[in-house]
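*Asks:*
There are 2 protein chains.
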Amino acid sequence: MQSTEIRLKSRPEGVPTAANFNVATVDLPAPGEGQVLVRNRFMSVDPYMRGRMYDRPSYVPPFQIGEALQGHAVGEVVESHAEGFAPGDLVSSMFGWREAYVVAPEAFAQAPALFSKLPHIPGVSPSAFLGVLGMPGLTAYVGLLEIGQPKEGETVFVSGGAGAVGSLVAQIAKIKGCTVVASAGTDEKCAWLRSAGVDHAINYKAGDLLGQVQAAAPKGIDVYFDNVGGEHLEVAIETARVGARFAECGMIAQYNATDPVPGPRNMIQIVGKSLKIQGFIVYNYAHLQPQFTADVGRWIGEGRIKWKETVKDGIASAPAAFAGLFDGSNTGKMVVKL
Amino acid sequence: MQSTEIRLKSRPEGVPTAANFNVATVDLPAPGEGQVLVRNRFMSVDPYMRGRMYDRPSYVPPFQIGEALQGHAVGEVVESHAEGFAPGDLVSSMFGWREAYVVAPEAFAQAPALFSKLPHIPGVSPSAFLGVLGMPGLTAYVGLLEIGQPKEGETVFVSGGAGAVGSLVAQIAKIKGCTVVASAGTDEKCAWLRSAGVDHAINYKAGDLLGQVQAAAPKGIDVYFDNVGGEHLEVAIETARVGARFAECGMIAQYNATDPVPGPRNMIQIVGKSLKIQGFIVYNYAHLQPQFTADVGRWIGEGRIKWKETVKDGIASAPAAFAGLFDGSNTGKMVVKL
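Chains A and B are the protein sequences, given in the same order.
Read left to right, the first sequence gives residues 1 to 338 (the numbering used here).
Read left to right, the second sequence gives residues 339 to 676 (the numbering used here).
#1: What does the alpha-carbon distance come out to for the pair A:Glu-13 and A:Gly-279?
#2: Check the Cβ-Cβ distances between A:Val-261 and every residue of chain B, and say whether any is below 9 Å.
#3: To the nearest angstrom, how far is the alpha carbon of A:Ala-320 from that of A:Gly-161?
#4: In chain A, which residues lie less than 9 Å from B:Tyr-397 when you measure between Cβ atoms?
#5: Cβ of B:Ala-420 within 9 Å of Cβ of B:Gln-373?
#6: Quick one: give me the first and last residue of the beta strand (DSSP E) that A:Phe-115 is part of.
#7: Check the Cβ of A:Asn-203 against every Cβ in chain B and list those closer than 9 Å, keeping chain order.
#8: Counting only runs of 4+ residues fully inside the stretch 16–71 of chain A, write out the alpha helix (DSSP H) ranges in chain order.
#9: I want to verify the contact list: residues of chain B whose CB lies under 7 Å from the CB of A:Pro-264, in sequence order.
#10: Count the CB pairs spanning the stretch 344–361 of chain B and the stretch 387–406 of chain B that are closer than 8 Å, and state whether there are at least three.
#11: Just the chain A side, please: which residues come within less than 7 Å of B:Gln-592 by C-beta, in chain order?
#12: Give a yes or no on whether 9 Å exceeds the smallest Cβ distance from B:Leu-571 to chain A.
#13: Which chain B residues sit within Cβ distance under 8 Å of A:Phe-405?
#14: Going by beta carbon distance, what residues of the same chain come within less than 7 Å of A:Leu-325, once the five residues before and after it are set aside?
#15: A:Asn-266 by DSSP, collapsed to three states: which one?
#16: Counting only beta-carbon atoms, is A:Met-53 nearer than 9 Å to chain B?
#17: Buried or exposed: B:Gly-515, going by 16 or more other Cβ atoms within 10 Å of its Cβ?
#18: What did DSSP end up calling B:Gly-617 once you bin it into helix, strand or coil?
#19: Classify B:Met-672 as helix, strand or coil using the three-state DSSP reduction.
#20: With a Cβ-Cβ cutoff of 9 Å, do A:Val-242 and A:Pro-150 count as a contact?
#21: Taking any Cβ of chain B, which residues in the stretch 284–312 of chain A have a Cβ under 9 Å from it, in chain order?
#22: Fully enclosed by the stretch 520–589 of chain B, which beta strand (DSSP E) runs are 3 residues long or longer?
#23: Quick check on this structure: which residue in B:Gly-588, B:Leu-468, B:Pro-367 and B:Leu-547 has the alpha carbon closest to the alpha carbon of A:Ser-274?
#24: Is the stretch 253–264 of chain A touching the stretch 103–118 of chain A in the sense that three or more CB pairs, one from each, lie closer than 8 Å?
#25: Relative to the alpha-carbon of B:Lys-543, which residue among B:Asp-525, B:Trp-530 and B:Ser-533 has its alpha-carbon at the smallest distance?
#26: With a 10 Å radius around its C-beta and 16 neighbouring C-beta atoms as the bar for buried, classify B:Ser-521 as buried or exposed.
#27: Whether or not the stretch 597–610 of chain B and the stretch 262–276 of chain A are in contact is what I'm after, with contact meaning three or more pairs of Cβ atoms, one per stretch, closer than 8 Å; do they touch?
#28: Which two residues bound the contiguous beta strand (DSSP E) that contains A:Phe-358?
#29: Within the same chain, show all residues whose beta-carbon is closer than 8 Å to that of A:Tyr-285, passing over the 5 residues directly before and after it, in chain order.
#30: Please list the partners that B:Gly-588 has in chain A, where partner means a Cβ-to-Cβ separation under 7 Å.
#31: So if I threshold CB-CB distances at 9 Å, which residues from the stretch 11–28 of chain A count as touching chain B?
#32: The beta strand (DSSP E) that contains B:Gln-509, what's its start and end?
#33: Closer than 7 Å by C-beta to A:Glu-231: which residues in its own chain qualify, once you throw out the five before and the five after it? Chain order, please.
#34: From the DSSP output, which residues share a beta bridge with A:Gly-98?
#35: Against chain B, does A:Gly-229 count as a neighbour if the rule is that its beta carbon must be under 9 Å from one of theirs?
#36: Unbroken alpha helix (DSSP H) runs of length 4 or more, entirely within the stretch 122–146 of chain A: which are they?
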């Protein structure tokens with residue numbers, strides 16, 4: 001069997017383009033004893049992957065030139081010689097950016113984040129395991145609840161509010177009894193956020209972000225969930241109330257920067273307002289996965305969580321789907337259907 | 339009796355100068371029933387006072403034009419009509435920037451930070467209650483131990499290391515079994531820090547602060563105690579290890595800025611390194627005062643804490659002493675002897 005895969009051809013300077021990627025087709029071996037053949041049905045493109053395209057030490061090793069990229073994928077077992085796996089089973093893995101692969105499940109018994117079986121949930125697309133029920137969902141859950149620690153009646157501000165992470169942050173904050181201010185880059189995204197219960201959806205491209213946040217939260221914000229960095233972070237510091245907590249999840253505004261980006265000009269307020277600004281990596285919160293799945297699964301069942309997906313078609317569209325993350329062309333989770 | 343006092347004449351633009359202050363002499367009333375007359379022996383000048391010279395909302399109200407400034411002072415009761423106070427008693431108060439004052443101690447029974455009796459400690463100058471045993475000492479103690487949470491064997495970096503706060507941070511970190519890197523602005527200050535047990539004292543004015551910190555802490559830093567902001571904060575982020583904690587105590591490099599100061603250019607590392615950057619105000623940790631006094635008092639008794647004072651003479655020298663905080667003319671606590 002053959003599998004088409006996407007390889008890193010060169011390290012991007014600035015925003016990634018098609019020229020940074022190769023499309024290649026490889027022959028897969030027939031699955032042997034203890035192995036399964038998996039055909040991916042959906043693969044994920046996520047902002048954090050941009051970091052892995054730099055050759056630098058980080059919490060995950062850099063992608064290597066000439067090798068297939070990696071990332072979350074949801075696939076279906078098509079042939080199994082491994083106990084506990086049957087054709088038709090859904091599996092989650094880090095073997096994205098390719099159509100199919102052969103692995104021995106036993107090798108990942110202690111690493112379920114890399115490969116594990118998924119439940120079938122009636123009425124929920126398997127792609128949800130790449131978004132609201134997957135890594136972005138867990139990121140939203142732990143960042144908001146563990147770092148942000150919102151209390152009922154407080155005001156939560158989330159940037160990148162219409163993205164896979166941000167839209168779940170906004171809705172969990174509502175479930176927790178908070179007033180929610182969310183920013184997004186188009187009026188359509190803002191309208192969708194309002195339909196999902198967000199109190200104040202702000203189009204940051206309309207200008208005067210500070211004024212818009214001040215108008216939405218005249219008493220200031222208690223929690224800021226940062227997906228964006230840049231001006232948003234400065235505005236969050238400016239509008240923060242004393243004792244506010246910042247969950248620093250990402251700074252997509254800076255991922256493609258080729259020169260150093262100056263930080264907020266109002267850092268001094270960190271002292272006077274006793275702010276806590278804390279970065280986090282979702283992989284350090286894997287122990288909360290069962291609680292996350294239980295809570296978010298229940299909220300989905302109760303109809304309290306909405307989500308959107310932007311679906312691109314075919315493995316060859318993956319590089320463009322990835323680049324699209326940085327110009328806001330997705331609402332909700334960006335996935336590629338294979 | 340007369341008392342000479344320093345008043346705020348105008349709000350400083352940039353570094354404060356003599357022109358921003360008035361010297362005035364007032365007649366004090368004779369102390370009545372329940373009142374004491376106190377003659378100040380030492381008054382404190384502290385960087386945080388610069389913030390109170392701006393007319394803006396903050397955790398303490400701004401100083402008012404035409405009124406005497408306020409600040410910590412240690413004085414001696416010279417006449418008492420209040421129970422529990424006798425001539426010769428030492429008192430701590432916020433009635434600095436003046437030679438003498440009359441108050442009713444009972445009015446401050448619930449606010450010991452504003453006025454309270456001090457013990458006489460043999461061999462320790464009363465001025466120590468403005469520094470190592472006073473607010474700067476408590477600031478060092480809570481910032482390092484509550485926010486920084488250093489563990490034995492970790493590396494602590496402190497800026498403004500030869501100041502009243504920084505020099506105590508450095509020495510408490512040594513007592514807690516840490517490797518200590520401290521920055522200061524002259525070779526003399528660095529030599530003194532080494533004599534107080536600091537492992538690596540860095541003269542930041544010698545240039546290449548980043549290279550100096552990297553050489554001193556090749557594996558990176560676990561805790562940063564920030565008195566300075568600016569380049570120091572950027573270097574601390576750059577050299578931070580995963581999970582490092584930053585106690586944001588002050589940003590003296592920015593207190594006199596007339597234009598917004600751009601923040602660190604490497605903020606994005608807050609995410610990847612899971613940094614926690616937390617501002618704090620010592621007044622929110624008043625409940626730790628007894629524990630602080632017990633610990634630091636014991637360490638002083640054991641000869642494990644050294645401190646220096648820079649003493650200016652006479653009430654008229656107070657404005658210049660205050661301005662001197664911003665050009666590094668003090669080693670250790672800057673006080674004015676009255």
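Here a beta-carbon is modelled for each residue, glycine too, at the ideal position from N, C-alpha and C.
*Replies:* The relevant details are as follows:
#1: 25 Å
#2: yes
#3: 22 Å
#4: Val-242, Gly-272, Lys-273 and Ser-274
#5: yes
#6: 115–118
#7: Per Cβ cutoff of 9 Å: no residues; A:Asn-203 is ~24 Å from chain B at best.
#8: 49–52
#9: Gly-601
#10: yes
#11: Ile-268
#12: yes
#13: Outside the shown range of chain A (1 to 338) lies residue 405 of chain A, about which nothing can therefore be said.
#14: Val-45, Pro-47 and Met-334
#15: coil
#16: no
#17: exposed
#18: strand
#19: strand
#20: no
#21: Asn-284
#22: 538–541, 559–564 and 578–586
#23: B:Gly-588
#24: no
#25: B:Asp-525
#26: buried
#27: yes
#28: An answer regarding residue 358 of chain A cannot be provided, because it is not within the stretch 1 to 338 covered by chain A.
#29: Leu-138, Val-142 and Glu-146
#30: Val-271
#31: none
#32: Careful: B:Gln-509 lies outside any beta strand (DSSP E), inside the alpha helix (DSSP H) at 502–513.
#33: Leu-209
#34: The sequence given here has Arg at residue 98 of chain A, not Gly. A:Arg-98 pairs with A:Glu-5.
#35: yes
#36: 135–142
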